[in-house]
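Chemist:
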Amino acid sequence: MVDYEVTVYTANRTAATTFNNVFIKLVGTSGESERKWLFNLKGASVASFTVSCPMSLGKLVLVELDKKPLLLFPEDSWFPAKVEVKSPDGDIYNFPVYRWISDSKVHRFREGTGPSNSRKFCSKYSREQELKQRQKDYCWDVYVEGIPHCIKTDGPSSLPPEVRFSFTKQTEFLFTASTGLAELKLKGLVDNKTNWTNIDDIDRVFCCNIFLCDYKRMDGVKANTINDEKQYLMAPLVLLHKTPDDKLMPIAIQLKQKPAEDNPIFLPSDSEYDWLMAKIFVRSADFSEHQLNVHLLRTHLLAEVFAVSLLRNVPMVHPLHKLLIPHTRYTLQINFLARNRLISEEGFSASGGEGMITILRRSLSSVTYSSLCVPEDIAERGVKDVPNFYYRDDALRLWDTINRFVRGILTYYYKTDAEVQQDSELQKWILDIFEHGFLSQPCPGIPQKLTTVDELIKFVTMVIFTGSAQHAAVNSGQFDFGSWMPNTPISLQLPPPTKKGEATEETMLKTLPDVNTTVQGMATLWLLSQQSSDFAPLGQYSEDHFSEETPRQMMANFKKELAALSAAIKERNKTLEVPYTYLDPEEVENSVAI
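With the working numbering applied, the sequence shown corresponds to residues 29 to 622, in that order.
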């Protein structure tokens, strides 16, 4: 007889404990063991067992786990983290699990060591069965024609358990959302549909630069109707000037795309309220551009596409799955909630309803690969030398740090371009993204296949950066800059001025969104800016998906590099009147999770 020492790790999660009977079978190249009963599988615990076999099983390939309820007891759920097996020869095998087991089926988990073509080390049948089940669990759906596809689900409870919110995340999310609205409701604001009576009623002031932008995507968009009142959304053009003291200042604003007598060019030298009104219409257009194109489309929706394609096409044993799975945490559920609560047909902003779909379609058609890759995007927009542009400075350093990490991991597994070209799972992943994310449109530069190791490294860097750093940059500061409502009016109730000299404070207050709409918007921005207690910072990987020492060391080095960058950003921020913290790695979450 030969003995295999089996160690089972149960995750530190709420309700991860099982009281059911659990059995394990070891499968190797020379045979398989009998089913062994496992017990005492409590959350955040480690349990050890001995599996005895008549002879050596050879090289271990996979383990089988199944769970049976006790007589007269209900079936429960168990969340194993991983299984480690020490062979009679002293070899250590690692089998990552990290998923809920809620039924009585046999679940197979392959050994975690091996290159991308690890079919030679494990059962091809097992790999195919995993993907077959995944493609049933993760189906594509069309939310609306013309925008990226999404996960098909009836609600959070119908999502596979491993991609749902944790108990902590779920309770905090609901509590945070309800608390914000409850406080405003107690103050009598949520149901108040009157206009603001005085500018002093808006008591929080945040300053914000206005960046050079042509808001042409808003041109002709049908604005929303809120509280039975027609809203207004313009497509302005703004000209800015870099002052001698290194500030970007607006020097001219045209509120519609085409010059006309009723479309004057507003200047800082105009009356106070003429100039204020022009800036308010620009900021309202900027809110729609930011929320729908920059935030929703280019982070949330694309991150969901990357995640669904990964889960459908790439098995757990694949190095790409191990590398990217931490960067999909909570994305599917948060996007479902966003589609049903924030960007539904009713909406609460000027670009809600039909206008939202128009803007999203136009935005998708303008996406280029280079615009998703920070170094190229910065260069193409001509802002390499703009002073005091801390997003650019921190984003470029983060991109480089992520890129070095990705290069190290992927070149460990892919030694030649041919290995990339011949990896069918990798190619299915990128093709699914092209078809369901970019709708097979000829978006400049978006790849349909990957032919070199360098192409793979760049694309994976973009995927990680999009779901972590870019989302943090465009989401985390929304309440900071949007809680002073005139700086980010989510909707406007009067049409833009067509002549100079007619705007007054009364006109401005009637133009701004009503109290109800304002507080709905503020509550949403506040919710989106909150950090959960189970927040996972960039580079903090709580699950051991990689088994080899080399990628594990690379992950440790990545963590050290991010810590050094965080320290450098904190030191820089000491010299700033308004610190820029949104791309401090300690403040960047691993995934789109809020």
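C-beta: ideal position from N, C-alpha, C; glycine also.
If you follow the alpha helix (DSSP H) that residue 426 is in, where does it begin and where does it stop?
Modeler: Start and end: 418-441.
Chemist: Provide the residue span of the alpha helix (DSSP H) that contains residue 483, from first to last.
Modeler: Unbroken alpha helix (DSSP H) run through residue 483: 481-493.
Chemist: Reducing DSSP to helix, strand and coil, say where residue 353 ends up.
Modeler: Helix at residue 353.
Chemist: For the beta strand (DSSP E) that residue 138 lies in, which residues bound it at each end?
Modeler: Counting along the chain, the beta strand (DSSP E) containing residue 138 begins and ends at 135-138.
Chemist: Please classify residue 529 as buried or exposed, where buried requires at least 16 neighbouring CB atoms within 10 angstroms.
Modeler: Exposed.
Chemist: Counting pairs of Cβ atoms below 8 Å between the region 329-347 and the region 355-363, do you hit three or more?
Modeler: Output reads yes: the region 355-363 touches the region 329-347.
Chemist: Along the alpha helix (DSSP H) that carries residue 68, what are the first and last residues, could you check?
Modeler: First-last for residue 68: undefined, no H or E at that position.
Chemist: Between the alpha carbons of residue 592 and residue 535, how many angstroms are there, rounded?
Modeler: Rounded to the nearest angstrom, the two C-alpha atoms are 51 Å apart.
Chemist: Please name the residue in 45, 90, 552 and 421 whose C-alpha comes closest to that of residue 501.
Modeler: Residue 501 has its Cα closest to that of 421, out of 45, 90, 552 and 421.
Chemist: Residues bridged to residue 303 by DSSP?
Modeler: DSSP lists no partner for residue 303.
Chemist: What span of residues does the alpha helix (DSSP H) with residue 547 cover, start to end?
Modeler: Residues 543-556.
Chemist: Around the C-beta of residue 39, are 16 or more other C-beta atoms found within 10 angstroms, so that it is buried, or is it exposed?
Modeler: Label assigned to residue 39: buried.
Chemist: Can you tell me the Cα-Cα spacing of residue 599 and residue 492, whole angstroms?
Modeler: Rounded to the nearest angstrom, the two C-alpha atoms are 26 Å apart.
Chemist: Using the beta-carbon count (16 or more within 10 Å), is residue 74 buried or exposed?
Modeler: Counting Cβ neighbours within 10 Å, residue 74 comes out exposed, since fewer than 16 surround it.
Chemist: Measure the CB-CB distance between residue 478 and residue 343 and report whether it falls below 8 Å.
Modeler: No, the Cβ-Cβ distance between residue 478 and residue 343 is not below 8 Å.
Chemist: Below 7 Å CB to CB, which residues in the same chain sit around residue 405 once its five sequence neighbours on both sides are set aside?
Modeler: Around residue 405: 398 and 399.
Chemist: Compare the C-alpha of residue 267 against each of 250, 249, 293 and 288 and name the closest.
Modeler: That would be 293, whose Cα lies nearest to the Cα of residue 267.
Chemist: Does the contact criterion of 3 or more C-beta pairs under 8 Å hold for the region 512-525 versus the region 248-268?
Modeler: Yes, the region 512-525 is in contact with the region 248-268.
Chemist: Pull up the DSSP beta-bridge partners for residue 178, would you.
Modeler: DSSP output for residue 178 lists 169 as bridge partner(s).
Chemist: Are the Cβ atoms of residue 516 and residue 389 separated by less than 8 Å?
Modeler: No, these two residues do not count as a Cβ contact at 8 Å.
Chemist: Pick out whichever of 309, 277 and 274 has its Cα sitting closest to the Cα of residue 291.
Modeler: Ranking 309, 277 and 274 by Cα distance to residue 291 puts 309 first.
Chemist: Going by beta carbon distance, what residues of the same chain come within less than 7 Å of residue 21, once the five residues before and after it are set aside?
Modeler: Shown here, the chain extends from 29 to 622; a query on residue 21 therefore has no answer.
Chemist: Would you identify the three-state DSSP class for residue 30, choosing helix, strand or coil?
Modeler: Correct three-state label for residue 30: strand.
Chemist: Exposed or buried, what is residue 121 when buried is set at 16 or more other beta-carbons lying within 10 Å of its beta-carbon?
Modeler: Its Cβ being crowded by 16 or more others within 10 Å, residue 121 is buried.
Chemist: Excluding five sequence neighbours on each side, which residues of the same chain lie with their C-beta closer than 6 Å to the C-beta of residue 131?
Modeler: Cβ neighbours of residue 131 beyond the five flanking positions: none.
Chemist: Could you check the C-alpha separation between residue 150 and residue 585 for me, to the nearest Å?
Modeler: Model confidence at residue 150 stands at a pLDDT of 48, short of 50, so the residue's coordinates are unreliable and nothing is read from them.
Chemist: For residue 423, I'd like the list of residues in its chain whose CB is within less than 7 Å of its CB, leaving aside the five on either flank, ordered along the chain.
Modeler: The answer, listed in chain order, is 402, 497, 501 and 611.
Chemist: Tell me which residues share the same chain as residue 556 and place their Cβ nearer than 7 Å to its Cβ, disregarding the 5 neighbours each side in the sequence.
Modeler: Once the five neighbours on either side are set aside, the close Cβ partners of residue 556 are 503, 506 and 622.
Chemist: Within the same chain, show all residues whose beta-carbon is closer than 7 Å to that of residue 620, passing over the 5 residues directly before and after it, in chain order.
Modeler: Correct list, in chain order: 327, 328, 331, 359, 362, 495 and 499.
Chemist: Grab me the residues of residue 296's own chain with a C-beta within less than 7 Å of its C-beta, minus the 5 sequence neighbours each way, in chain order.
Modeler: Within the same chain, residue 296 has close Cβ partners 279 and 303.
Chemist: Just to confirm the assignment, what range does the beta strand (DSSP E) spanning residue 277 have?
Modeler: Here the beta strand (DSSP E) through residue 277 covers 276-282.
Chemist: Any contact of the region 104-124 with the region 160-171, i.e. 3+ C-beta pairs under 8 Å?
Modeler: Segments in contact, no.
Chemist: Here's the rule: buried if 16 or more other CB atoms are within 10 angstroms of the residue's CB, otherwise exposed. What is residue 98?
Modeler: Answer is exposed; the Cβ neighbour count stays below 16.
Chemist: Can you tell me the Cα-Cα spacing of residue 514 and residue 269, whole angstroms?
Modeler: Those two C-alpha atoms are separated by around 22 Å.
Chemist: Starting from the C-beta of residue 147, find all residues in its chain whose C-beta is less than 8 Å away, skip the five residues before and the five after it, and write them out in chain order.
Modeler: Reliability of the predicted coordinates at residue 147 is poor, the pLDDT of 45 falling under 50, and the value obtained from them is presented with this limitation in mind. Cβ neighbours of residue 147 beyond the five flanking positions: 155.
Chemist: Between 465, 543, 617 and 439, which has its C-alpha nearest residue 578's C-alpha?
Modeler: Comparing Cα positions, the closest option is 439.
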